[in-house]
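If you want it as structure tokens, here you go:
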């Protein structure tokens, strides 16, 4: 296998890990989603809210909305610095979200970008960026 093939394979594997995680998270199967996380996993949501457990993120989300459906518009992956943790891959997913606030008001076309750090076929970090605050008052 050439170096280029090996690198493409690592990127594809990281993307597959993230896709499986997002599928389980959307299905609210938190145990299966947690199975692909590192023990030092950290999720940072828009606004600086930090979570280390998916159950805590789900509880936080239930206070804000009744549900969200993401429509992925694109995905990319790249190698990250190895300085601190060794080989890592960054996976980026972007698209739009639609759903309903807890007060029953619907929202749609909310842009988002999810950034993942994948280390050793496990997700070490997830950063969530979105325009939710821009749509809340609309």
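In the numbering used here, the protein residues as written are 7 to 144. Using N, Cα and C, we set each Cβ at its ideal position, and we do this for glycine too. Fair warning: this is a prediction, and the values are worked out from it, not measured in the lab.
Alpha carbon of residue i to alpha carbon of residue j, nearest angstrom
i	j	result
residue 66	residue 108	12 Å
residue 55	residue 44	19 Å
residue 46	residue 57	11 Å
residue 64	residue 16	30 Å
residue 138	residue 117	8 Å
residue 111	residue 14	43 Å
residue 33	residue 68	15 Å
residue 36	residue 48	15 Å
C-beta atoms of residue i and residue j nearer than 8 Å
i	j	result
residue 104	residue 20	no
residue 50	residue 133	yes
residue 95	residue 81	no
residue 24	residue 124	yes
residue 106	residue 71	yes
Buried versus exposed call for residue i [16 or more other C-beta atoms within 10 Å across all chains shown]
i	result
residue 39	buried
residue 131	buried
residue 85	exposed
residue 60	buried
residue 120	buried
residue 87	exposed
residue 136	buried
For residue i: DSSP bridge partner residues
i	result
residue 94	86
Beta-carbon separation (whole angstroms), residue i vs residue j, contact threshold 8 Å
i	j	result
residue 79	residue 100	6 Å
residue 42	residue 129	6 Å
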